[in-house]
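Visitor: Residue 100 is where the first sequence starts when you use our numbering, and the numbers rise one by one after that.
Virtual Cβ for every residue (Gly too), placed ideally from N, Cα, C.
Let me give you the structure first, and then I'll get to my questions.
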Amino acid sequence: MVRRGLERQVADATVTSVEVHNTRSVRRHPDGTAGFAARLVGRRLGSARRRGKYLWLPLHPLPATDAVLAHLGMSGQLLVRPTGGAAERHLRVRLVLQPGAGSPLDLRFVDQRTFGGLSVAPLAVSLADGACVPEPVRHIGVDPLEESFDAAQVGHRLSRRRTGVKRALLDQALLSGVGNIYADEALWRARLHYARPTETLRRREVSTLLSALREVLVEALEEGGTSFDSLYVDVDGQPGYFERSLAVYGRADRPCPRCATPVRRDPFMNRSSYTCPRCQPRPRRSRW
DNA sequence: ATCGTAGCCTGGAGGC
DNA sequence: TGCCTCCAGGCTACGA
């Protein structure tokens, strides 16, 4: 969703200046804030690409050898605004852009929790599919919504793991774009418990799970994309669009939409997992 | 090589 | 009312 917006508004614009409001947001940049800015000013932005939570714009002239890379963390947003407007509360980085025609624009990186960040990174060959991606994305698996996503291959690699199925889903090297929410929702749809050992999954179950995952991601995207913030933002008591379509996530003690059994919340990896105890019984052998 | 855990960070919710 | 603690999560560093 973010990517689509960028595609339309900033492709081919030239960076005229850079402001870093919080150095933590560029902490991964190898030569610091100054280097980050120096590598951007005067460059022209190419079309936006995405893999998992990473989003980048190649930097022209062609052939691009580097890109400006954003990691959205859990609360990061990239906003396009007319230059000169009021700063958002958590504005971290502002790139001023001159489009081919029209007045200047801001590309703003807004991030409450500063888990995300921006950097300029060299392009490299992806280990997952051979595509041209920024170096920090090299080891990241293909997103289930990308064309090059190979469900058979991912399924095969998944079942060779020796871990709990949810851990595997959250491993960005295996596949990307799946966080805690989408993992829980897909497991519920596939009627699998999060602690099910990957090596006991039948081929059928793996393919059901990957289809469910894809469905969840497609639906979330259709609903306008979701950021964790949208779960909070509703100050006026209006439930977020995405929240309404969740079957189990964040719904402890409320009825399972399929069988009405109260949803259960378990601690998992210092976080939570939500399951329907009836649709997704804990396996006798279980593995986190 | 593979798997598991702690910690990073901010602010909203809820307890007292 | 205002403080305090808990909790959310993608990723990395590090330990087993």
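So what does DSSP say about residue 249, is it helix, strand or coil?
Guide: Residue state, collapsed to three classes: coil.
Visitor: Going along the chain, which residues of its own chain have a beta-carbon closer than 8 Å to the beta-carbon of residue 331, five neighbours each way excluded?
Guide: A caution first: residue 331 carries a pLDDT of 39, below 50, which makes its placement in the model unreliable, though a value can still be read off. Contacts found: none.
Visitor: Quick check: the Cα distance between residue 104 and residue 110, rounded to an integer number of angstroms?
Guide: Those two C-alpha atoms are separated by around 10 Å.
Visitor: For a test of the three-state rule: what should DSSP assign to residue 336, helix, strand or coil?
Guide: With a pLDDT of 37 at residue 336, under the threshold of 50, the modelled position of this residue cannot be trusted; read the value that follows with caution. Looking at residue 336 - three-state DSSP - the assignment turns out to be coil, as it is neither helix nor strand.
Visitor: With distances taken from CA atoms, which of 182, 146 and 187 is nearest residue 168?
Guide: Comparing Cα-Cα distances from residue 168 to each of 182, 146 and 187, the minimum goes to 146.
Visitor: Let me check understanding here. Comparing Cα to Cα, which of 220, 267, 371 and 137 lies closest to residue 386?
Guide: Selected option, being the one with the closest Cα: 267.
Visitor: Distance, Cα to Cα, residue 378 vs residue 307?
Guide: Cα to Cα, residue 378 sits roughly 15 Å from residue 307.
Visitor: Tell me where the alpha helix (DSSP H) around residue 283 begins and ends.
Guide: Residues 279 to 288.
Visitor: Over what stretch of residues does the alpha helix (DSSP H) that includes residue 137 continue unbroken?
Guide: Residues 131 to 139.
Visitor: Answer with buried or exposed for residue 369, where buried requires no fewer than 16 other C-beta atoms within 10 angstroms of its C-beta.
Guide: Exposed.
Visitor: Identify which residue in 181, 274 and 344 has its Cα closest to the Cα of residue 319.
Guide: Considering only alpha carbons, the answer is 344.
Visitor: Give me the residue from 235, 108 and 315 with the minimum Cα distance to residue 200.
Guide: Residue 108 is the option with its Cα nearest to residue 200.
Visitor: Would DSSP call residue 235 helix, strand or coil?
Guide: Three-state DSSP puts residue 235 in a helix.
Visitor: Would you call the segment 168 to 183 and the segment 206 to 218 in contact, with 3 or more CB pairs under 8 Å?
Guide: The segment 168 to 183 vs the segment 206 to 218: in contact.
Visitor: Look up residue 225 in the DSSP assignment and say whether it is helix, strand or coil.
Guide: Coil at residue 225, not helix or strand.
Visitor: Where in the segment 141 to 205 do unbroken runs of the beta strand (DSSP E), each at least 3 residues long, occur, reported from the N-terminal end onward?
Guide: As far as the segment 141 to 205 is concerned, its whole beta strand (DSSP E) runs of at least 3 residues are 148 to 150, 153 to 159, 165 to 170, 175 to 181 and 190 to 197.
Visitor: Could you pull out every residue in the same chain whose Cβ sits closer than 8 Å to the Cβ of residue 356, ignoring the five residues on either side in sequence?
Guide: Here the set comprises 346.
Visitor: From the DSSP output, in three-state form, read off residue 360 for me.
Guide: Here residue 360 sits in coil by DSSP.
Visitor: Buried or exposed, going by whether 16 or more other CB atoms sit within 10 Å of the CB of residue 161?
Guide: The residue is exposed, with fewer than 16 neighbouring Cβ atoms inside 10 Å.
Visitor: Using 10 angstroms around the beta-carbon of residue 284, count the other beta-carbons present and answer buried if the total reaches 16, otherwise exposed.
Guide: Buried is the call here.
Visitor: In terms of alpha-carbon separation, which member of 235, 215, 206 and 229 lies closest to residue 165?
Guide: When each option's Cα is compared against that of residue 165, the closest is 235.
Visitor: Classify residue 299 as helix, strand or coil using the three-state DSSP reduction.
Guide: Note: residue 299 maps to helix in three-state DSSP.
Visitor: If you follow the alpha helix (DSSP H) that residue 241 is in, where does it begin and where does it stop?
Guide: Segment: none, residue 241 is in no alpha helix (DSSP H) and carries neither H nor E.
Visitor: Are the Cβ atoms of residue 132 and residue 140 separated by less than 8 Å?
Guide: It is not a contact, given that the beta carbons lie outside the stated cut-off.
Visitor: As a quick exercise: from 247, 289, 294 and 220, pick the residue whose alpha carbon is nearest that of residue 263.
Guide: Measuring from the Cα of residue 263, the nearest candidate turns out to be 294.
Visitor: Look at the alpha carbon of residue 117 and the alpha carbon of residue 241, and state the distance between them as a whole number of angstroms.
Guide: Their Cα atoms are separated by approximately 31 Å.
Visitor: Rank 223, 246, 269 and 302 by C-alpha distance to the C-alpha of residue 259 and give the top, closest one.
Guide: Measuring from the Cα of residue 259, the nearest candidate turns out to be 302.
Visitor: When you compare only the Cα positions, how much space is there between residue 292 and residue 372?
Guide: Approximately 10 Å between the Cα atoms of the pair.
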